[in-house]
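Numbering (my numbering), first residue to last: 1483 to 1722.
Backbone N, C-alpha and C define an ideal beta-carbon position, used for all residues, glycine too.
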Amino acid sequence: MEIHKPRPIHSWRELATEVAVIVVGIIIALTGEQLLQTLEWHEKVSRAEEQIRVEMADDDGPQIFQRLALGDCISNGLDQIRASIDRGDGRSAVIAAIANVDIPRHTYESFAYSAAAASGVLARLSPERLNLWNYLYAPMPALDRIAEKEYFDAAALHALRNSGGPLGEAEQLRVLEGVENLERDNRDIVSRAALAKEGLRMMEVRLQKIRVKQMLDELATRPGASACADKFRTMSGYVP
1483 MEIHKPRPIH SWRELATEVA VIVVGIIIAL TGEQLLQTLE WHEKVSRAEE
1533 QIRVEMADDD GPQIFQRLAL GDCISNGLDQ IRASIDRGDG RSAVIAAIAN
1583 VDIPRHTYES FAYSAAAASG VLARLSPERL NLWNYLYAPM PALDRIAEKE
1633 YFDAAALHAL RNSGGPLGEA EQLRVLEGVE NLERDNRDIV SRAALAKEGL
1683 RMMEVRLQKI RVKQMLDELA TRPGASACAD KFRTMSGYVP
């Protein structure tokens, strides 16, 4: 086997040339590796942002718009229950008023956003874009917590015996307490949903049309909510 021995270096100029060739080779290799990593991160960021948009467009976003649209209907329904108690209406009238407050069970997830944060993808975004996504997702934990509380507060309000005479004082107070809890829930969730709606606007998230149609159909059949269907349709920009 023939072995090529290193060529002897006879001057400082030749040494500098050899060193320069080695340095340039290293720089090219490092630059290529860095470029490859940049392209890989760009792909990861694009994929993560697409997943975040899908999470908002298909799930959280339509729920945010629907819950905002329902705010007035729920408030009006609670006012009717309170007025029925104040008038001393019979049990059946109070139960009928309560039946018109039927709150949907919503959950507000942040799975795609949390996964992007855990993988380090969010840190690769520009500060401005990261702030926008953070603004949109900031209300989600509170929305999810309040929505769960609201759902169980509504269940407690509906837990009234159908049979019997007029409501006793203890039952009236329990109904009024339930109304007060739901009024606070409604104010809290509407205020946070309004912030999330602004975040959706800033990130130009377009709601998934099929999901919006499903939720419109749901409002049309839900007691006390049909009056708010048009508001939801307008807010969501739904066109058949």
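V1583 to G1706, Cα distance in whole Å? 6 angstroms
Cβ-Cβ distance between G1681 and L1618 below 8 angstroms: yes
Which residue marks the beginning of the alpha helix (DSSP H) containing Q1552, and which one marks its end? The residue you asked about is not Gln; residue 1552 is Leu in the sequence shown. Residues G1543 to R1569.
Suppose you measure from the CA of A1711 to the CA of E1522; what does that come to, to the nearest Å? 44 angstroms
Can you tell me whether DSSP reads T1589 as helix, strand or coil? coil
Straight-line gap, L1658 to Q1696 (C-alpha atoms, nearest Å): 33 angstroms
Whole runs of the alpha helix (DSSP H) within the region 1630-1716, excluding any shorter than 4 residues: 1651-1684 and 1691-1703
With the cut-off set at 8 angstroms, would you say K1679 and L1550 are in Cβ contact? yes
Kindly indicate if chain B contains any beta-carbon less than 8 angstroms away from that of I1671. Here chain B cannot be found, since the structure has a single protein chain.
Pick helix, strand or coil for S1601, following the three-state DSSP scheme. coil
Do you know offhand how far S1673's Cα is from E1532's? 27 angstroms
Is the beta carbon of G1553 less than 8 angstroms from the beta carbon of N1668? yes
Is it true that the CB of A1581 sits closer than 8 angstroms to the CB of S1566? no
Going by alpha carbons, who is nearest to Q1545 out of S1528, I1692 and P1722? I1692
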